[in-house]
Structure formats: structure tokens, C-alpha cells
Amino acid sequence: IGVACGLLVCVGIAQAKKTVTWGMWGSPAEIKTHQRVADAFMVSHPDIEVIIWGQPWGDYFTKLKTLWAAGDKEGIPDVLFLSPVVTYAGQGVLEPLDPFIKASGYDTSDYWPSLLQFGILKGTIYGLPRDIGLEVLYYNKDIFDEAGVAYPTNFWTWDDLKAATKKLSKITTSGRVQRYALGAEGGKYQLFVGQNRGSILDDMVNPTACTLTKPAAVEAIKFFSGLMDAKLAIRPSALSQSGGDAGVFQSGQAAMIIQNASRISTFNAANMNYDVAAVPIPADGQRAGAAGGAAWTMSKYSDDKETAWTFLSWLQSTNGGQAIYTASGEILPALRSTAVSDAFLGINAPPANRVAFILEGNNTKIGRTGYFPNWGTLNGKIINPNLSRIWSGADPVEPVLKQLCNDVDAFLQSKGLGF
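The numbering of the sequence shown is the working numbering, which starts it at 11 and goes up by one.
As C-alpha cells, then:
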């Protein structure tokens, strides 16, 4: 009887164990880091099991939208990595975090200035950014050495960048490109526009009009597209077909890329000889790193929100997930105290110039993407398709931007947001 009761107790304990499903996208290297985070949490919380729902970037949002559309509450992860948060908060699929923050005494004061805005809709917090997704300039030191080009500094200008691209690109006499100087996703236009003191909309929280036809924005887009037209930067369509920026950088097809810290583990695993620098800006421009990044959120459909919050808040603690992600070298952490400590700056692995991240972080701004629910639709159906005509080289800049802004203004008015 004693043995039987013991077994019953054991069965009871097993049945009492709580479960949190955890959804995120990521490369194989990134998923391994997520698993280390989950394992560390389960060691300190043996009564909670974390089940990872990891997907490639290209599948993650599609699968989530399918689950939401089907009303598959059991299939939707309890804790989700999302961006932009306001889009999904506006769709009513996320749980407000303010009650949990207040009840647990969670401290939000250590976040970088304006960073929490990324997870807020109409004054309510729906997500806690894991990191600042700001970019730096990655460069292949071997290619620079081969071309006899001095390494970038944290104070390069657009002129310095353009001069370097002319020496780093390899173009045959027949016009075939053997190596591009720069590999940058089309969405990086937002960075160039911000650096040139331009903007996409007149207000990225409560927009009324498109501003991409303003001189500062036009000049920035011409600078970016001009590098493509001169075969100094790879066109975004070709970039995606060549394994993305990480693929062309690792293969030596591009000497430089502009990207956030997520690529560090991949390049280090490949033993690449590289470093980073702050992204070059116009001589009279400004740093325009994004005060935002993907955030941990809680599903509205989670059937154990208290347990989900226990895990989510641990992810965003200095001694929890933040420490592990920072040690991996994949992120510039959302918590300032972690970012400026040896936990980030003292990592004994490339890149050596980690101060570049701090320089960009100290100058982050809101405004690279919209902080309103319709931004995803506006960006995906109007802005990006129009801009792709410029990136492909099919159409000149000014006419496209004029049509783009007409379409954007009409969209905003249809949503009651324009004049």
C-alpha cells in the first residue's frame, strides 16, 4: 500500500506540472539559444515545462495567422515573439500586461528610453521588447584587406561609405558583378531616411499624411537606390534569392551588410574575420537607430496566464533570459544596465567594436515603423510594393514616391486617419 500510495503521489505531482508553449522565429543557431534559455528557466522553475514552438522567419507569421483565423486556441503558443506588437494588439489576440506588471512589481525603468513604446497601444503595454533591433555596419576584414580599403570607423559618413563601395565591388568589363560592396534589405531605406532627417509619415503614432516626397526622404532613397543602380549594392530581390544578407556576407558575395546583433552567432560559428561599426550617416545627418525590437507577448487565449507571466517576466529579467541572450552575443539587450556592463561589452568573441551598438543605442528614435494597428497592412500592401519598383530599377524615384504618397494618403483617409 505504501508503494502504491507513493506511486499515486508521484502521478499526482506529474499531473500538476504546468506547461508553457513558447513561440518564436529564428535560425538554427538562434533556436539553440532559445533552447538554452528554456532549459535554464526549467532548472529554476522545476514545476513548469517550456515547450518551444520555433519556426523559420518565412513561416512563423503565416502559421500564426492560420491558427488565429481558425480559432485554434490550443495551437497558439502562450508566449509569443512578435513585431510589430501594435498590429496584433489591435487585432485583439494579445493579453494586456499592465495588470501583471503592477501585481508583480516588475520594474520597467531600466529599459532604453522610448523602447517600451514599441509594445504599447493606446497607453496599454502588450509586449516587452527583448532587445533593441538597431543595426550596425558589419564588414568582412579579409575583403577590406584585399581591396586595400581602411576599415570603417564609428564616424563614417555616406560619402565615406560610397567611396568604399567603389573599391570593394568587383565588376567585370562586361558588367557582371562578381562581388557587391553592400548587401542590405530593402527595408533599410527607413534607416537612411531617418538619418537624413526625413520621415515616412508625418506622425508614426497618429499619422495624417505621407512624407516620402519631402526632399530629405527623396535624397535618402536616391542614395540607397543609387548604390543598387551602380551595382555597388545588391538589389533586394537578388539578396533574398542568395540566402539573405547573412548568406551573401558569409559567402563573400558582399563585403558589408547592415543588420542587427542577431547575425553575430552565425558569423562566429563560421569563424568569419569580421567586425562592426556604427552605420554611416550624412555629413549633416543624425543617427536613427530604431527604438524598437521584437517583443515577448502573451496570447489572449492562454489558459494559464499567471504561469505565462512567470515565464515572460523571467525572460525579461537581468538574471534570467536577458543574461543568457546577452552572453550569446546575439542581441543588444533591452535593459540598459545589462547592455553597458561586461555581460555585453566584455564578451571575448567578435565583434570587437561592440561600442558601436551602444553608440547607436544612445541615439535611438521612434519613427522607423508605424505604431498604429493599420501599419502592417499599409506597409505590406502599399509602401513596400511601390518601393520595390525603385529597388528593382524599373522606375525612377520621384514618380514612384508621388504615386506611393497618393496611395498612402488615400489609405489613411479610408481609415479615418488622414486630413
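For every residue, glycine included, the Cβ atom is placed at its ideal position computed from N, Cα and C.
Values in this document were obtained by computation on a predicted structure and should not be read as measured data.
*What distance in whole Å lies between the Cβ atoms of P109 and Q205, which are believed to be in contact at a cut-off of 8 Å?*
With 8 Å as the limit, Q205 and P109 do not qualify as a contact, their Cβ atoms being about 39 Å apart.
*Contact between the stretch 274-294 and the stretch 146-154: three or more CB pairs below 8 Å?*
As far as the Cβ criterion goes, the stretch 274-294 touches the stretch 146-154, which means the pair count is three or higher.
*So A265 and R189 are in contact, right, with Cβ under 8 Å, and what is the actual spacing, rounded?*
7 Å
*State yes or no: is the C-beta of A243 within less than 7 Å of the C-beta of F202?*
One thing to note: A243 has its Cβ no nearer than 7 Å to the Cβ of F202.
*Closest by C-alpha distance to W120, when choosing among K176, G102 and P139*: At residue 120 the sequence reads Asp, which differs from the Trp that was named. The option with the nearest alpha carbon to D120 is P139.
_Taking the alpha-carbon of A359 as reference, which of A280, K375 and L414 has the nearest alpha-carbon?_
A280
*Hey, is the stretch 250-265 in contact with the stretch 344-359, meaning 3+ C-beta pairs nearer than 8 Å?*
Under the 8 Å Cβ criterion, the stretch 250-265 does not count as touching the stretch 344-359, having fewer than three qualifying pairs.
*If you draw a straight line from the C-alpha of F165 to the C-alpha of V215, how long is it?*
Computed Cα separation, rounded: 31 Å.
*Drop a sphere of 10 angstroms on the beta-carbon of Y161, count the other beta-carbons inside from all chains shown, and report buried for 16 or more, exposed for fewer.*
With fewer than 16 Cβ atoms within 10 Å of its Cβ, Y161 is classed as exposed.
*Near F233, which residues of its chain fall below 7 Å by C-beta distance, leaving aside the five closest residues on each side in sequence?*
W168 and F202
*asked:* Checking 7 Å against the spacing of the C-beta atoms, do I58 and K28 come in under that value?
replied: Going by C-beta atoms, I58 is nearer than 7 Å to K28.
*Taking all protein chains shown into account, decide if T355 is buried (16 or more other Cβ within 10 angstroms of its Cβ) or exposed.*
Correcting the residue identity first, residue 355 is Leu in this sequence and not Thr. So L355 ends up on the exposed side.
_Check whether V258 and G196 have beta carbons under 7 Å apart_ = no
*Pairing CB atoms from the stretch 377-390 with CB atoms from the stretch 335-343, are three or more of them under 8 Å?*
no
*State the beta-bridge partners of A243 as determined by DSSP.*
L192
_Buried or exposed (CB count within 10 angstroms, at least 16 for buried), T5_ = Nothing in the structure corresponds to residue 5, since the chain is present only between 11 and 429.
*From what residue to what residue does the alpha helix (DSSP H) around L92 run?*
Note, L92: premise wrong, no alpha helix (DSSP H); beta strand (DSSP E) at V89 to L92.
*Below 6 Å CB to CB, which residues in the same chain sit around G12 once its five sequence neighbours on both sides are set aside?*
Because the pLDDT at G12 is just 42, under 50, the model does not fix this residue reliably, and the value given afterwards should be weighed accordingly. Cβ within range, chain order: n/a, list empty.
*Counting Cβ pairs closer than 8 Å, one from the stretch 95-103 and one from the stretch 65-72, do we hit at least three?*
no
*Count the other CB atoms, across all protein chains shown, that sit within 10 Å of the CB of V289; report buried if there are 16 or more and exposed otherwise.*
buried
*Separation of C220 from A420, as counted between CA atoms*: 10 Å
*Using alpha carbons as the reference points, say which of L411, L178, G143 and K198 lies closest to E156.*
L178
*Name the one or two DSSP bridge partners that G137 has.*
Looking at the DSSP assignment, G137 forms a beta bridge with T307.
*Would DSSP call L77 helix, strand or coil?*
DSSP places L77 in helix when its eight states are reduced to three.
*CB-CB under 7 Å to G22, same chain, minus the five flanking residues each way: which ones, in chain order?*
Low confidence applies here, because G22 scores a pLDDT of 48, under 50, leaving its location unreliable and the question unanswered by this model.
*asked:* Taking 8 Å as the cut-off, does the stretch 391-409 touch the stretch 323-331 (at least 3 CB pairs, one atom from each stretch)?
replied: Not touching, per the Cβ criterion.
*How many Å lie between Q413 and A256 at the Cα?*
33 Å
*C-alpha gap between C20 and W306, whole angstroms*: At C20 the pLDDT is 49, less than 50, meaning the model places this residue with poor confidence; the figure from the coordinates comes in the next sentence. Cα to Cα, C20 sits roughly 34 Å from W306.
*Output the distance between the C-alpha atoms of G426 and D212, rounded to the nearest integer angstrom.*
15 Å
_Residue nearest to T31 in terms of C-alpha spacing, selected from S114, K315 and K176_ = Of the listed residues, the one whose Cα sits closest to T31 is K315.
*Check whether the Cβ atoms of L345 and G371 sit closer than 7 Å, and answer yes or no.*
no
*Using alpha carbons as the reference points, say which of G158, L171, C415 and V407 lies closest to K391.*
Check the Cα spacing between K391 and each of G158, L171, C415 and V407: the tightest is with C415.
_Judging by CA-CA distance, which residue of R273, P361 and G295 is the nearest neighbour of E40?_
Nearest option by C-alpha distance: R273.
*Tell me which same chain residues have a C-beta within less than 8 Å of the C-beta of K310, skipping the five on either side of it?*
Take K310, set aside five residues on each side of it, and the residues of its chain with a beta-carbon closer than 8 Å to its own are G102, V103, L104 and E105, in chain order.
*If you draw a straight line from the C-alpha of N389 to the C-alpha of V95, how long is it?*
Using only the alpha carbons, I get a separation of about 14 Å.
*Beta-carbon separation of V410 and N396 under 7 Å?*
yes
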